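Going by the working numbering, the sequence shown opens with residue 1, and the numbers climb by one from there.
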Amino acid sequence: MRILISAGEASGEMYGAELIEALRRIRPDTEFFGAGGESMRRAGCEIIVDAKDLSVVGITEILGHLPKIWGLFHKLIAAADRQTPDVAIVIDSPAFNWRVAREMKKRGVPVAYYVAPQFWAWRQGRVRLLRKYVDKALVIFPFEQEFYRARGVNATFVGHPLAFIKRPEITRNAFAAQYSLDSSKPWITLMPGSRRKEVRMNLPTMLQAAAQLGSNEVLIPVAPTLEESWLKQQIGRYPVYMVPDARGALIHSRAGIIASGTATVEAALMKTPFVMVYRVSKLTYLLGKPRIKVPYFAMVNLIAGEEVVPELVQDEFTTKNVAERTREIMGDGPVRERMVNKLAKVKEMLIAGSLPQDSAPGQPSTEGSTPPERAAKEILALQHS
Numbered sequence: 001m002r003i004l005i006s007a008g009e010a011s012g013e014m015y016g017a018e019l020i021e022a023l024r025r026i027r028p029d030t031e032f033f034g035a036g037g038e039s040m041r042r043a044g045c046e047i048i049v050d051a052k053d054l055s056v057v058g059i060t061e062i063l064g065h066l067p068k069i070w071g072l073f074h075k076l077i078a079a080a081d082r083q084t085p086d087v088a089i090v091i092d093s094p095a096f097n098w099r100v101a102r103e104m105k106k107r108g109v110p111v112a113y114y115v116a117p118q119f120w121a122w123r124q125g126r127v128r129l130l131r132k133y134v135d136k137a138l139v140i141f142p143f144e145q146e147f148y149r150a151r152g153v154n155a156t157f158v159g160h161p162l163a164f165i166k167r168p169e170i171t172r173n174a175f176a177a178q179y180s181l182d183s184s185k186p187w188i189t190l191m192p193g194s195r196r197k198e199v200r201m202n203l204p205t206m207l208q209a210a211a212q213l214g215s216n217e218v219l220i221p222v223a224p225t226l227e228e229s230w231l232k233q234q235i236g237r238y239p240v241y242m243v244p245d246a247r248g249a250l251i252h253s254r255a256g257i258i259a260s261g262t263a264t265v266e267a268a269l270m271k272t273p274f275v276m277v278y279r280v281s282k283l284t285y286l287l288g289k290p291r292i293k294v295p296y297f298a299m300v301n302l303i304a305g306e307e308v309v310p311e312l313v314q315d316e317f318t319t320k321n322v323a324e325r326t327r328e329i330m331g332d333g334p335v336r337e338r339m340v341n342k343l344a345k346v347k348e349m350l351i352a353g354s355l356p357q358d359s360a361p362g363q364p365s366t367e368g369s370t371p372p373e374r375a376a377k378e379i380l381a382l383q384h385s
């Protein structure tokens, strides 16, 4: 069996690697090729298009990179024509993956969309694309299944891929020794995004805010879609430690300043208090804001149905605001205590929502119970549908 798999950003690439491993456990003879990064390569996927080259965000930003993206798209489709996949899997990254799904459907290849686009939050009219080009939408939040099925999409809830991630076992002292950190100081983790444009928009204000918070160790986990040398240039003169282990950094940090996205869910699962920030170009924001149909940007707040973490978006994302809100959650007091308790509840909700119906709470490790394993079984069923 041969599968095309396309993931265009850091979180999708991570999910793709886990999915490949789950598929291989069921069908060891399966071959994989597609778009992704180092994690997918290590899992056994032949990388035709590197995910680093697809890391673009925002309407205006995508327009500026269209010739390059178009070339990468044709490179991937040409590989598909040579290798003739039995199934195609697209993960997140709708701007690129819609076209991949469309071309695969034209060729009669069944298409699964893992981590389907969150059209319930914005651009609901685009649900028609799922109906037209996707045979199975694999969704990661319980309410998404009902939303998409009500609109004619063949959707199945498989659980959130991060729901059962393990807390790092490394101690704070061991982590400090490994990366030459001062364990006697508080640590702050900055996560500016996995795309270059996101980093350029978010990181300067994050660094300025962190510098105002006193004598702390500042950590930046390096996303797999970014080059460490490039990130170092963006950091400039600021005293920052770049580390490869995001979860280790989060679990041992006093607080985080985190760009909207998957990293906010990771921080919640590590129960690390954080401030969510985000900035895009003014034109992208003006074009996109009227289409947003949800009350919050942070997935943590959407899951909880209330503001668990502060959201500083666009004009509210200033050095002063970030420093003030981060200082509040770093101190011992009711603000921090409330957030830690609320994050623990969000974690419980995410795990409970991702358990199979016949599993008891706290028993997620039974065979076939993890989200990637459930997704793998749904995907393999497409070959015979």
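Ideal placement from N, C-alpha and C gives every residue a C-beta, glycine not left out. As the structure is a prediction and not an experimental result, all values here were calculated from the model.
Query: Candidates I303, R128, G236: closest to H160 by CA position; Result: I303
Query: Outcome for W408 when other beta-carbon atoms lying within 10 angstroms are tallied against a minimum of 16; Result: Past the boundaries of the shown model lies residue 408; the chain is included only from 1 to 385, so the question cannot be answered.
Query: For R279, the nearest candidate out of R196, L213, A249 (CA to CA); Result: R196
Query: Complete runs of the alpha helix (DSSP H) confined to the segment 161-242 [at least 4 residues]; Result: 172-179, 196-211, 228-235
Query: Proximity of S134 and Y113 at Cβ, strictly below 8 Å; Result: For clarity, residue 134 is Val in the given sequence; the question names Ser instead. Contact: yes.
Query: C-beta contact flag for P168 and I257 at 8 Å; Result: no
Query: G214: CB within 7 Å of a non-hydrogen atom of the ligand SAM; Result: Inclusion of the ligand SAM in the displayed structure is not the case, the ligand content being empty and no account of it being possible.
Query: Rounded separation between P224 and T156 - CA only; Result: 29 Å
Query: Limits of the beta strand (DSSP E) - the one that R2 falls within; Result: 2-7
Query: Cβ shell of A35 (< 7 Å), same chain only, five flanking positions each side left out; Result: S6, A7, G8, I48, V49, A51, L54, L76
Query: Beta-bridge partners of V87, as assigned by DSSP; Result: I3
Query: Cα-Cα separation, Y296 to R82; Result: 44 Å
Query: Three-state secondary structure assigned by DSSP to A352; Result: helix
Query: Spatial neighbours of L382 in its chain, beta-carbon cut-off 7 Å, leaving aside the 5 residues before and after; Result: V87, P110, A112, D135, K136
Query: For T318 and R254, the rounded distance between their alpha carbons; Result: 21 Å
Query: Range covered by the beta strand (DSSP E) that runs through I303; Result: Per DSSP, I303 belongs to no beta strand (DSSP E); it is in the alpha helix (DSSP H), 299-304.
Query: Length of the line joining the Cα atoms of R338 and E328; Result: 11 Å
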